[in-house]
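Numbering (the UniProt record's numbering), first residue to last: 1 to 315.
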């Protein structure tokens with residue numbers, strides 16, 4: 001048995017293992033843990049010697065887990081979750097001194113609209129911390145949150161898994177936008193124009209069975225769908241090339257496009273109910289001091305966000 005095997009496995013090594021599972025990068029794992037890169041690499045070498053396996057191998061720009069590491073993933077995550085919830089629950093997260101990367105699941109709309117005020121808060125409250133975003137299918141979110149690869153999921157996830165915690169951040173409304181190059185529309189969008197013009201529909205599922213589609217259907221309104229896309233940011237660029245297109249999007253996004261001089265904003269010809277934007281997290285990390293701080297930072301940021309309604313947000 002080697003000396004490394006005799007030394008055994010300590011909590012510090014499991015902490016590095018857990019960070020590498022989340023970050024898939026030695027440098028980012030080191031930053032998340034507040035360690036030097038050399039110390040993190042040394043810990044990885046100890047882990048490799050202990051398990052007699054590479055554990056993480058470089059694939060392109062990422063460190064991907066080996067089959068052995070994947071087999072250990074659940075146990076490592078559960079051990080670290082237990083430590084955070086039962087042992088470190090009373091510990092304080094000091095954002096001013098912390099060095100950590102937080103990962104958020106959100107759409108490109110979320111990146112454009114919500115990241116600026118959140119980054120501003122981080123700059124003042126947690127200058128040593130950084131943010132990373134990822135856009136993934138809804139069905140993958142629970143697994144990412146459970147494994148710790150993502151810390152929060154933010155959005156209008158209408159089919160979120162029941163096992164996740166959920167907190168409402170605010171309600172947002174929908175408006176219809178058109179290109180500033182469109183010369184056919186006046187100051188008001190009529191139902192006839194709404195039905196006769198072609199539409200871009202943004203959907204992460206690839207289907208039009210969203211809640212506001214059901215509202216339109218109940219009103220007997222039919223849209224001519226020209227394009228289904230998962231990318232909100234493609235909308236104004238496509239409209240600039242095809243000025244006869246319309247799109248119905250959250251007002252916060254429409255306001256951002258309008259400020260850039262890209263679109264005109266109209267009320268839809270039928271009232272569309274407000275939609276709830278939530279933050280979701282996994283029970284394993286409910287008491288993690290860092291994630292508790294992140295949730296509170298999100299809540300405080302969006303309580304004062306313009307053009308939104310906040311109601312009855314649970315603690």
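Note that beta-carbon positions come from the ideal geometry of N, C-alpha and C, so glycine has one too.
In this text, all values refer to a predicted model and were calculated from it rather than measured experimentally.
Tell me the residue span of the beta strand (DSSP E) that contains residue i.
i, result
"residue 264", "263-266"
"residue 64", "62-65"
"residue 250", "245-250"
"residue 276", "275-281"
"residue 235", "It is not in any beta strand (DSSP E) - residue 235 instead sits in the alpha helix (DSSP H) that spans 234-241."
"residue 57", "56-59"
"residue 226", "224-229"
Under 6 Å Cβ to Cβ from residue i, same chain only, skipping five residues before and after it: list those, please.
i, result
"residue 204", "230"
"residue 137", "none"
"residue 102", "131, 151 and 294"
"residue 33", "19"
"residue 301", "117, 118 and 121"
"residue 71", "none"
Please list the terminal residues of the continuous alpha helix (DSSP H) segment that includes residue i.
i, result
"residue 117", "108-125"
"residue 204", "Run containing residue 204: none; DSSP gives neither H nor E here."
"residue 301", "289-303"
"residue 146", "138-147"
Rank the options by C-alpha distance to the C-alpha of residue i and give the top, closest one.
i, options, result
"residue 98", "219, 201 and 129", "129"
"residue 268", "178, 291, 287 and 278", "178"
"residue 60", "273, 25 and 53", "25"
"residue 165", "120, 280 and 173", "280"
"residue 194", "287, 221 and 44", "221"
"residue 275", "266, 170, 237 and 282", "170"
"residue 223", "118, 187, 270 and 184", "270"
"residue 290", "48, 150 and 14", "150"
"residue 292", "196, 84 and 38", "84"
"residue 201", "155, 236 and 104", "236"
"residue 286", "183, 167 and 234", "167"
"residue 79", "132, 13 and 32", "13"
"residue 139", "153, 127 and 214", "153"
"residue 134", "272, 115 and 198", "115"
"residue 175", "44, 49 and 257", "257"
What does a CB cutoff of less than 8 Å around residue i pick up in its chain, not counting 5 residues either side in sequence?
i, result
"residue 77", "18, 21, 146, 147, 148 and 284"
"residue 253", "109, 112, 113 and 232"
"residue 66", "53, 54, 55, 56 and 57"
Where does residue i sit, in a helix, a strand or coil, going by DSSP?
i, result
"residue 35", "coil"
"residue 42", "helix"
"residue 128", "coil"
"residue 174", "strand"
"residue 258", "helix"
"residue 22", "helix"
"residue 155", "strand"
"residue 168", "strand"
"residue 197", "coil"
"residue 104", "strand"
"residue 133", "strand"
"residue 213", "helix"
"residue 310", "Interpretation of residue 310 is limited by its pLDDT of 36, a score under 50 that renders its predicted location unreliable; no figure is taken from the coordinates."
Mind checking whether the beta-carbon of residue i lies closer than 8 Å to any heavy atom of the ligand GTP?
i, result
"residue 83", "This structure lacks the ligand GTP; in fact it carries no ligand of any kind."
Near residue i, which residues of its chain fall below 7 Å by C-beta distance, leaving aside the five closest residues on each side in sequence?
i, result
"residue 190", "269"
"residue 261", "180"
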